[in-house]
Amino acid sequence: SFAYLRVELGDLAAFITAGNILLESIVGSAAVARSWTSYFTTLLDRHPNSLRIHTNLTDGFNLLDPTAVGVLIIASTIAMTSAKKTSYFNWIASAVNTVVIIFVIIAGFAHAKTSNLKPFMPHGPEGVFQAAAIVYFAYGGFDNIATMAEETKDPSRDIPLGLLGSMSIITVIYCLMALALSMMQKYTEIDTNAAYSVAFQNVGMKWAKYLVALGALKGMSEHLGRHFTVIFTMMAVALLVRRYYVRGITPKKNLVIIASSMGTCACWGINPGGWVGYTVTIPV
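Position 113 (the sequence shown) corresponds to 113 in my numbering; numbering is contiguous.
Okay, here's the thing in structure tokens:
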């Protein structure tokens, strides 16, 4: 989107778009890193907030998360060492994610109860639109495909097919997983920190929560690595840092700045009514 707008509408439009993409990537990675902490604690059979530091700050900013900062440091370090290592890591994570997703859908519907869907729209149309704005936040990864143009044989054909195909598959999977979760537990009982792990534990599949948590950790770790790839590709279009991209050199100073921003957001927390709302609304 950044490169397209730069050609069609000029540098100003591209600059505004790039800023929004960068903001979304930073805040998104911070949110994912905090979720990483929640799922990690489920593997330890502890409360999702047990590894966070409680402070006397305003609600939404009163749980510092040093674990999330550590995860971001590791992800950024991997990105700085080698693109090939990051690629191998992403391939393994994708394979694990696929297995876990299939398991969650099948096992979830096996323990589903239609009574948990009543009332069907408890918050009405307004609640649906509010939830849709948050769900859009989860689709931000489709930009990853747009960064693969140089790695395809026929970009004009492969990139559109990849975008449409992936978005269609992701939408179906997202709906199936959401439906399975909603039918396993009433919406009022769903845990906001580690939803699927807690849901499987509550239906008597305590062993499954470890599998789901492991898959979630793999998926979120992969997500963090790919966010750096999107940011670097956007930088490569700019003449200022093109020399790094052409020679295959990772701009480590830029990465440290970005990783620091992500770590700050992850540590201090994200107010659902503030940063997240801004992040998912502005790009739309």
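Virtual Cβ for every residue (Gly too), placed ideally from N, Cα, C.
#1: Measure the C-alpha to C-alpha separation of F103 and G215 and round it to an integer number of angstroms.
#2: In whole angstroms, what is the alpha-carbon distance linking I53 and K153?
#3: If I'm right that S35 touches M220 with Cβ under 8 Å, what's the distance once you round it to whole angstroms?
#4: Taking A213 as the reference, give the member of G70, N97, H111 with the closest Cα.
#5: Are the beta-carbon atoms belonging to A75 and L181 less than 7 Å from one another?
#6: What's the call for F109, buried or exposed, on a 16-neighbour Cβ count within 10 Å?
#7: Report yes if the CB atom of K38 is closer than 7 Å to the CB atom of A194, and no otherwise.
#8: Can you give the Cα-Cα distance for K218 and L5, rounded to whole angstroms?
#9: Can you tell me whether D11 is buried or exposed, with buried defined as 16 or more other CB within 10 angstroms of its CB?
#10: CB V203 to CB H111, shorter than 7 Å?
#11: Going by the DSSP bridge assignment, what does L176 pair with across the sheet?
#12: Would you kindly check if the distance between the Cβ of K206 and the Cβ of S197 is under 7 Å?
#13: First and last residue of the alpha helix (DSSP H) that includes I26?
#14: If you follow the alpha helix (DSSP H) that F200 is part of, which residue opens it and which one closes it?
#15: According to DSSP, is I53 helix, strand or coil?
#16: Taking its Cβ as the centre, do 16 or more other Cβ atoms sit within 10 Å of T55, making it buried, or is it exposed?
#17: Is the distance from the Cβ of A199 to the Cβ of M184 below 7 Å?
#18: Apply the 10 Å Cβ neighbour rule to E24 and answer buried if 16 or more other Cβ atoms are within range, or exposed otherwise.
#19: Compare the C-alpha of I190 against each of I106, L72, I105, N116 and name the closest.
#20: May I have the straight-line CA-CA distance separating G127 from I101, to the nearest angstrom?
Looking at the coordinates:
#1: The straight-line gap separating the alpha-carbon atoms of F103 and G215 is approximately 10 Å.
#2: Put simply, the backbone Cα of I53 is about 49 Å away from that of K153.
#3: S35 to M220, Cβ: 6 Å. Contact.
#4: Comparing Cα-Cα distances from A213 to each of G70, N97, H111, the minimum goes to N97.
#5: A75 is not a Cβ neighbour of L181, given a cutoff of 7 Å.
#6: With fewer than 16 Cβ atoms within 10 Å of its Cβ, F109 is classed as exposed.
#7: It should be pointed out that residue 38 corresponds to Ser in this sequence rather than to Lys. Taking 7 Å as the cut-off, the beta carbon of S38 is found closer than this to the beta carbon of A194.
#8: Cα to Cα, K218 sits roughly 34 Å from L5.
#9: Counting Cβ neighbours within 10 Å, D11 comes out exposed, since fewer than 16 surround it.
#10: It is a contact, given that the beta carbons lie within the stated cut-off.
#11: Looking at the DSSP output, L176 shares a beta bridge with no other residue.
#12: For S197 and K206, no; Cβs fall outside 7 Å.
#13: Going by DSSP, I26 is part of the alpha helix (DSSP H) stretching over 11–43.
#14: It spans 195–202 - the alpha helix (DSSP H) in which F200 sits, taken as one unbroken run.
#15: I53 sits in a strand when the DSSP states are folded into three classes.
#16: It is exposed - the Cβ of T55 has fewer than 16 other Cβ atoms within 10 Å.
#17: Against a cut-off of 7 Å, the Cβ pair of M184 and A199 comes out as a contact.
#18: Answer is buried; the Cβ neighbour count reaches 16.
#19: The option with the nearest alpha carbon to I190 is N116.
#20: One C-alpha to the other measures close to 26 Å.
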